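A.B. asks: Take this structure first; my questions come after.
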Amino acid sequence: MSQLRWQQLLIVPAAILLTFSVGCRVEQEEAGELPEVDVEAEPGQLPEYDVEGPEVDVTTEEKEVTVPEVEVTTEEETIEVPDVDVELPGEDASE
1 MSQLRWQQLL
11 IVPAAILLTF
21 SVGCRVEQEE
31 AGELPEVDVE
41 AEPGQLPEYD
51 VEGPEVDVTT
61 EEKEVTVPEV
71 EVTTEEETIE
81 VPDVDVELPG
91 EDASE
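Taking this note's numbering, the leading residue of the sequence shown gets 1, the next gets one more, and so forth.
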């Protein structure tokens, strides 16, 4: 896949993420409050475990394998890409 195509595929999710991250306004209407709770309990104890993992020995060796020979060509192409306009709440079009 060409670099231009990759850039186009990344623009759309980036625009959506930007819209959701800055496209809203949050205002606190009322202060929150935690409930009063009185808890009396004996502390618990986690069980003990003795875990032995396997011994792993990783090495490398050379092997001869058949691989394809690929030639890649690129060309410029004009395509339609999304154009996203976002108007934030409380924002006038004249600003």
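Each residue gets a CB set at the ideal place from its N, CA and C atoms; glycine is no exception.
Quick caveat: nothing in here was measured; it's all calculated off a predicted structure.
1) I'd like to check one pair, glycine 90 with arginine 5: are the Cβ atoms closer than 8 Å?
2) Helix, strand or coil: which one does DSSP assign to valine 12?
3) My output table needs one value for leucine 4: the three-state DSSP class, helix, strand or coil.
4) Looking at glutamine 8 and valine 81, is the spacing between their C-beta atoms short of 8 Å?
C.D. replies: According to the data block:
1) No; because the gap between Cβ atoms is not below 8 Å, this pair is not in contact.
2) Valine 12: helix per DSSP, three-state reduction.
3) helix
4) yes
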